[in-house]
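2 protein chains.
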Amino acid sequence: MKKQKSRKGAVTIRDVARESGFAASTVSIVLNNAPLSRYIPPATKARIQKTAKGLGYHPNIFAKSLRSKRNHTVGVILFDITDPYCTLILRGIEKSLYQESYLPILADAHNERARFERYLEMMLERRVEGLLVLANWLYLDINVLADLERGKIPTVIIGRELESSATSSVTVDDEGGAYSALAHLYSLGHRKIAFVRGPKALSSSKARWRGVQRFARDSRLDLDPKLIVDLPDQINLNAGVDDAFRITEELLKQKKSFTALMAYDDMTAFGALRALAKAGIKVPQECSIIGFDDVNPSHLMVPALTTVRQPMDAMGASAVSILIDGITSAAENRTVAAIHRKLPAELVIRETTQSIS
Amino acid sequence: MKKQKSRKGAVTIRDVARESGFAASTVSIVLNNAPLSRYIPPATKARIQKTAKGLGYHPNIFAKSLRSKRNHTVGVILFDITDPYCTLILRGIEKSLYQESYLPILADAHNERARFERYLEMMLERRVEGLLVLANWLYLDINVLADLERGKIPTVIIGRELESSATSSVTVDDEGGAYSALAHLYSLGHRKIAFVRGPKALSSSKARWRGVQRFARDSRLDLDPKLIVDLPDQINLNAGVDDAFRITEELLKQKKSFTALMAYDDMTAFGALRALAKAGIKVPQECSIIGFDDVNPSHLMVPALTTVRQPMDAMGASAVSILIDGITSAAENRTVAAIHRKLPAELVIRETTQSIS
DNA sequence: TAATTATAGCGAATCGTTTCAATAAAACAA
DNA sequence: TTGTTTTATTGAAACGATTCGCTATAATTA
Chain A
1 MKKQKSRKGA VTIRDVARES GFAASTVSIV LNNAPLSRYI PPATKARIQK TAKGLGYHPN
61 IFAKSLRSKR NHTVGVILFD ITDPYCTLIL RGIEKSLYQE SYLPILADAH NERARFERYL
121 EMMLERRVEG LLVLANWLYL DINVLADLER GKIPTVIIGR ELESSATSSV TVDDEGGAYS
181 ALAHLYSLGH RKIAFVRGPK ALSSSKARWR GVQRFARDSR LDLDPKLIVD LPDQINLNAG
241 VDDAFRITEE LLKQKKSFTA LMAYDDMTAF GALRALAKAG IKVPQECSII GFDDVNPSHL
301 MVPALTTVRQ PMDAMGASAV SILIDGITSA AENRTVAAIH RKLPAELVIR ETTQSIS
Chain B
1001 MKKQKSRKGA VTIRDVARES GFAASTVSIV LNNAPLSRYI PPATKARIQK TAKGLGYHPN
1061 IFAKSLRSKR NHTVGVILFD ITDPYCTLIL RGIEKSLYQE SYLPILADAH NERARFERYL
1121 EMMLERRVEG LLVLANWLYL DINVLADLER GKIPTVIIGR ELESSATSSV TVDDEGGAYS
1181 ALAHLYSLGH RKIAFVRGPK ALSSSKARWR GVQRFARDSR LDLDPKLIVD LPDQINLNAG
1241 VDDAFRITEE LLKQKKSFTA LMAYDDMTAF GALRALAKAG IKVPQECSII GFDDVNPSHL
1301 MVPALTTVRQ PMDAMGASAV SILIDGITSA AENRTVAAIH RKLPAELVIR ETTQSIS
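Chains as they are written, first to last, in my numbering: chain A, 1 to 357; chain B, 1001 to 1357.
Dropping the structure here:
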């Protein structure tokens, strides 16, 4: 091997060409084994590969992308990375992307629209090949949607289905999940059940409530309006726990007794749990509690939270597979219809529910 | 405005040039306001800017990077994104990067060395301008270090200081934190204190233990060897809670009484909490508990965990600022010495500690 | 008025790849 | 032998932006 390219710059394909005695085009063909490499005799291939390795050649990805218009990068925009729900989905996404040799660019919108838009802009500038948006929480309104479609790159939304949208989505079956949560409480003998519903503006609130209503109808269970409260529509995720705490306290003050409480999600359940503890009510002996999501802390609680699990890993994986399909279709100039996938939720029985005594 | 560039391709600088009647070079100079733009009259600037906007021109970042060798992207490699510790630091990183208009590429090594290496490779291929490694947990041995330096791009390690390394780091003052944790228990009157130490292989385990010892010496507190147990050296993070649970149970079986327990970290504390609950020991009435880290779930617990907070936001920010400095220095061909910054930890008193009755 | 200096703008080269069209030699068929 | 394919390789033209050096005015100074 002769001397490495002297000064700072990295080894280029031309260095390999010169060193191996072939033309740059040949080197390129061999190293990518492009269609044309069919005609290149093994000896040549070996020679080129050897010198490439010897020189420590790494193709310059900018040049490569400049021609191919591809960069094996997707953008992931989420609305709050400190939300454990996001974290688990992110893990699912990461696993799948890794297998496809894609790398994610991460953006956290902090639940702020301006930030979301800025990030979206940055991603488009970077020509990410696709976009994954985690919109579990929050109010993704029509404008954001428009923004999204403006970029006209393949996009999948996770956690929220945009009605009549050309953008694919992956969601959980909220209604079914809530149905089975309530069924679980019912089967344990609970009849006086309190509900802390999610913020009205959230589509998942509505869907979960539909599940509750459907079960109630199916089994002729009375839902006492006095035992139904709503979380306020607000932005701050972390306040969710505090709100739930406060609301549960109010529920308790009413002296309307209940033997079980179904929370909108796990965070809400944590708040309720705290309120019950403060009131000296033992969980699950005196009151059962069930959440929704199965976020990371839930199984750490003492007692561990019974909940309905969102298959976040699978959701991430599913989103990625839809996205990659979209990307490859786009690369081949095929258009493909939006896909809306809804995954089943799974009841996870732990320690906060028990049969009525 | 004439017709947009007809077929698929995006608007290029030449389109803007043609449309505005100036040369591409001029357009470039104006749009970036390069030094030369000093001579360009405002009228021209305005014209060019207007047509650029009108045409919806976005510079192609690949071409740009190809020349400038910069892409405003840094790589972030972490070892387990489901670890809430990582999440909070990530948030800190993200916030600071955003301000500098950098975007992170995210890689999760899943605590696997092979994965780490693969990801590192991918990042280097992509020519990220800098690298942030979150190495809180886990055994970053000498080889990984070598790998890191091979890339010879600015790098900052968070959560772990590599002895005698040319790579910058940001860590927390483990020793001081542990010192104040124990001081807190002591001030509440606790004298019979149990310790669940971290895995021996972890440098933070050692540092925290040093803090304990130092306090014990300073205040002539006896550390009962029977009350000191170690978490096993193992990889699986989530098993950490289970290990802590098991070990605390064993501690309890010994019938060696204690009034307070200091855990290696919050996760460990959660495990201990569970073991105590199972044994019917009330926290904090019968036994106080203190953790370390202040990860997200800690304040959600009932009772909420008293702990020593790592300033993760600040750590992320600090790491980013060091990194950006490194990047700009590198861009100007200056070399700069590695920086090792150690941030103070902060005692957060919540509900799991109380004075001895 | 002539010489100098600012001011405006452009052309061409460059960054490192990929790909297309072209060429030339070798292998085969007629 | 001549003509056609197949095999092996290459030069040159993109891809889209930046930048250096150059020219041509206009403004200023001597």
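Glycine included, each C-beta is placed from N, C-alpha and C at the ideal position. Note that this is a predicted model, so its numbers are computed, not measured.
#1: Just checking, does the region 1149-1156 of chain B make contact with the region 1109-1117 of chain B on the three C-beta pairs under 8 Å criterion?
#2: Is the CB-CB distance between V1016(B) and L1066(B) below 8 Å?
#3: Just reading off the beta strand (DSSP E) that R118(A) is part of, what are its end residues?
#4: When you check each C-beta in the region 1285-1299 of chain B against every C-beta of chain A, which residues fall closer than 7 Å?
#5: T1352(B) and I1289(B) look like a contact to me (Cβ under 8 Å); what is the Cβ gap, rounded to whole Å?
#6: Going along chain A, which residues have a C-beta under 7 Å from A1263(B)?
#7: Take S20(A) as the anchor and find which of R91(A), I349(A), T44(A) and V170(A) has the nearest alpha-carbon.
#8: Return the chain-ordered list of same chain residues with a C-beta closer than 7 Å to the C-beta of H1340(B), the five sequence neighbours on each side being excluded.
#9: Looking at C-alpha atoms only, which residue of V283(A), V76(A), T82(A) and S68(A) is the closest neighbour of I105(A)?
#10: Quick one: does A331(A) have its CB under 8 Å from some CB of chain B?
#11: Starting from the C-beta of R1197(B), find all residues in its chain whose C-beta is less than 8 Å away, skip the five residues before and the five after it, and write them out in chain order.
#12: From the DSSP output, which residues share a beta bridge with D1108(B)?
#13: Would you please verify whether the beta carbon of T12(A) is less than 8 Å from any beta carbon of chain B?
#14: Alpha carbon to alpha carbon, how far is V1074(B) from G1092(B)?
#15: E1125(B) versus chain A: which residues are under 7 Å apart at the beta carbon?
#16: Which partner residues of I1289(B) appear in the DSSP bridge assignment?
#17: F270(A) touches chain B at which residues, Cβ-Cβ below 7 Å?
#18: Confirm, please, whether the CB-CB distance from F195(A) to M360(A) is below 8 Å.
#19: What in chain B is Cβ-close to L273(A), meaning under 9 Å?
#20: Between the region 1248-1263 of chain B and the region 1309-1321 of chain B, are three or more C-beta pairs nearer than 8 Å?
#21: Flag this pair as touching only if the region 84-102 of chain A and the region 301-318 of chain A have three or more C-beta atom pairs under 8 Å; answer yes or no.
#22: DSSP three-state label for D1230(B), please.
#23: Going by DSSP, what residues sit across from E1346(B) in a beta bridge?
#24: So A1052(B) and L1031(B) are supposed to be a Cβ contact under 8 Å. How far apart are they, rounded?
#25: Taking CB distances under 8 Å as the criterion, tell me whether P1232(B) reaches chain A.
#26: Hey, does D1108(B) have any beta-carbon neighbour from chain A nearer than 8 Å?
#27: Quick check: what's the CA-CA separation for E1121(B) versus P1284(B)?
#28: Could you tell me whether the Cβ of E1112(B) comes closer than 8 Å to any Cβ of chain A?
#29: Take the Cβ of I356(A) as the centre, count every other Cβ of all protein chains shown within 10 Å, and call the residue buried at 16 or more, exposed below.
#30: I'd like to know whether the C-beta of A1277(B) is nearer than 8 Å to at least one C-beta of chain A.
#31: Just to confirm, are N338(A) and D173(A) a CB contact at a threshold of 8 Å?
#32: Count the other CB atoms within 10 Å of the CB of T1171(B); is the residue buried (16 or more) or exposed (fewer)?
#33: According to the neighbour-count rule (16 or more other Cβ atoms, all chains shown, within 10 Å of its Cβ), is I48(A) buried or exposed?
#34: Looking at R1070(B) and E1125(B), is the spacing between their C-beta atoms short of 8 Å?
#35: At a cut-off of 7 Å, would you count S257(A) as near the ligand ZN, judging by its Cβ distance to the nearest heavy atom?
According to the structure shown:
#1: With a cut-off of 8 Å, the region 1109-1117 of chain B and the region 1149-1156 of chain B do not count as touching, because too few Cβ pairs lie within range.
#2: no
#3: Per DSSP, R118(A) belongs to no beta strand (DSSP E); it is in the alpha helix (DSSP H), R113 to E125.
#4: N1296 and P1297
#5: 4 Å
#6: Within chain A, no residue comes near A1263(B); the closest Cβ sits about 13 Å away, beyond 7 Å.
#7: T44(A)
#8: E1161, S1168 and S1169
#9: Closest by C-alpha distance to I105(A), out of V283(A), V76(A), T82(A) and S68(A), is V76(A).
#10: It does not: the Cβ of A331(A) has no partner Cβ on chain B nearer than 8 Å.
#11: S1205, R1208, W1209, I1228, V1229, D1230, L1231 and Y1264
#12: L1078(B)
#13: T12(A) is outside the set of residues whose beta carbon lies under 8 Å from a beta carbon in chain B.
#14: 14 Å
#15: At a C-beta separation below 7 Å, E1125(B) has these neighbours in chain A: H58 and I61.
#16: L1261(B)
#17: L1300
#18: Beyond the ends of chain A as shown, which are 1 and 357, falls residue 360(A); an answer cannot be given.
#19: The answer, in chain order, is L1300 and V1302.
#20: no
#21: yes
#22: strand
#23: R1309(B)
#24: 6 Å
#25: no
#26: By this cut-off, D1108(B) is an interface position.
#27: Here the alpha carbon of E1121(B) sits roughly 49 Å from the alpha carbon of P1284(B).
#28: no
#29: exposed
#30: yes
#31: Residue 338(A) is actually Ala in this sequence, not Asn. For A338(A) and D173(A), no; Cβs fall outside 8 Å.
#32: buried
#33: buried
#34: no
#35: This structure simply doesn't include the ligand ZN, nor any ligand for that matter.
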